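Q: The sequence shown begins at 8 in my numbering and counts up by one. C-beta: ideal position from N, C-alpha, C; glycine also. Remember, it's a predicted structure, so these values are computed and weren't measured experimentally.
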Amino acid sequence: MTNAAFPISWKEAGSGPAVVLLHGIGGGASSWTYQLAGLSSQYRMIAWDMPGYGTSEALTHASFSGLAEALLRLLDHLQLDAPHIVGHSIGGMVAQELAAIHPDRLRSLVLSATSPAFGRPDGDFQRTFIAARLGPLDAGKTMADVARSVIPELIGDAPDPEGTALAEDCMSRVPAGTYGSMMQCLVTFDRRETLGSIAVPTLVLAGEKDTQAPAPMMEKMAGRIPGAQYVCLKGAGHLANMEQPDAYNAALLDFLNRT
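Given below as C-alpha cells:
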C-alpha cells in the first residue's frame, strides 16, 4: 500500500493480531509473498518496504537507528502498539535495534537468517565482502545481473523453483544506490551486548545450509537470548521464507500461536 502523505510503503493481508515482516537486503515487501498468503487466515500480515525499497523514501544516511525509527513511524501510522516482529537478514538486525531502543513496541520477535553483529566496518572481511557485492555494479552490471549471480549462492537444497524466481525478481528490483548504501550500513551492526536484555518471546529461525548466517552461529545467538527457541530448517539456505515456504510458515505459525 502507498500513501502520498506517508513516506513508507507496505503490503498487507488478513486480519487478527498484527505480524510485521522486515525483509533482507536484496528483498522488498514482495519477498514475503508466501507469508502474506499463508498466514493471513489467522493474522494481519504486514510487510514493509524498507526505506529506499519499493516506493518508500530513502534515508539521507542509512543507519540502524534511522531504520528502527522509520519502522516505529510505520507502527505508529498503522496504530500498532506492540505487534509480532519478524526480521530476515538485515531485517533481523533492524528488529534487534527496535528491541534494544523501543522494547515496549513489540509483542514477540522472530530472528530469521540474521546475526547479532557484522563486525568492524573497517575490517578486512567487511572490505572484501562489500567489494565482492558491489564490484559488479561498479563494473557496469545491473541489479538483475547481480541477482542472477548471487541468488544461487544463497539457496540451499532443492529450493522451490517459484520461490527462487521470486527471490531473483525481488533483488532485481532493488535500486543499485539503495543496495550499495545498505551494504555499507550492514557492516556497522553490532548488538551482541543487548541480546541478554531481549525480554519478549523470541524464535531464532535458521537454515541448515545457510552460509550467510550459519546455523551454529544462530544457535549460539539463541542461547544468549533469555528463553529463546531455536529452530533449524533442514536443507534450507539463507532465503528459507521463499525456498521452503511451507516449512517456514509452519515454524512461524507454531511460534505465533503459542505466543
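In or out: HIS95 buried (at least 16 other Cβ within 10 Å) or exposed?
A: Walking along the sequence shown from the start, residue 95 turns up at place 88. Buried, since its Cβ has 16 or more Cβ neighbours within 10 Å.
Q: Give, in chain order, every unbroken run of the alpha helix (DSSP H) that is at least 4 residues long and sits entirely within the region 144-230.
A: Listed in chain order, the complete alpha helix (DSSP H) runs (minimum 4 residues) inside the region 144-230 are 150-161, 168-179, 183-193 and 222-230.
Q: Run through the DSSP bridge pairs and tell me what ARG265 is partnered with.
A: Taking the sequence shown and counting its residues from 1, the one referred to as residue 265 is at position 258. DSSP output for ARG265 lists no bridge partner at all.
Q: Determine the burial state of ALA36: buried for a count of at least 16 other Cβ atoms within 10 Å of its Cβ, exposed for fewer.
A: As a first step, residue 36 must be located in the sequence shown, where it is residue number 29. Buried is the call here.
Q: On the criterion of 16 or more Cβ atoms from any shown chain inside 10 Å, does ARG51 qualify as buried, or is it exposed?
A: Translated into the one-based positions of the sequence shown, residue 51 becomes position 44. Its Cβ being crowded by 16 or more others within 10 Å, ARG51 is buried.
Q: Could you pull out every residue in the same chain whose Cβ sits closer than 6 Å to the Cβ of PRO14, ignoring the five residues on either side in sequence?
A: Translated into positions along the sequence shown, residue 14 becomes position 7. Hits under 6 Å: GLU64.
Q: Run the CB neighbour count on PHE71, radius 10 Å, all protein chains shown included, and call it buried at 16 or more, exposed below.
A: Position 64 of the sequence shown, counting from 1, holds the residue named residue 71. Per the 10 Å Cβ criterion, buried.
Q: Using a 10 Å radius around the Cβ and a threshold of 16 neighbouring Cβ atoms, would you call GLY234 buried or exposed?
A: Looking up residue 234 in the sequence shown gives position 227. So GLY234 counts as exposed.
Q: Buried or exposed: SER61, going by 16 or more other Cβ atoms within 10 Å of its Cβ?
A: Looking up residue 61 in the sequence shown gives position 54. Residue identity check: residue 61 is Gly in the sequence provided, not Ser. That one is buried.
Q: Please classify ARG51: does DSSP put it in a helix, a strand, or coil?
A: Mapped onto the sequence shown, residue 51 falls at position 44. Looking at ARG51 - three-state DSSP - the assignment turns out to be strand.
Q: Whole-angstrom Cβ separation of TRP39 and ASN248, contact assumed at under 8 Å?
A: Start at 1 with the first residue of the sequence shown, and residue 39 comes out as number 32. Start at 1 with the first residue of the sequence shown, and residue 248 comes out as number 241. Their Cβ separation, rounded to whole angstroms, is 7 Å, which keeps TRP39 and ASN248 in contact under 8 Å.
Q: Give me the residue from ALA107, ARG265, SER188 and CYS239 with the minimum Cα distance to PHE33.
A: By 1-based counting over the sequence shown, the position of residue 33 is 26. Correcting the residue type first, residue 33 is Gly in the shown sequence and not Phe. Selected option, being the one with the closest Cα: SER188.
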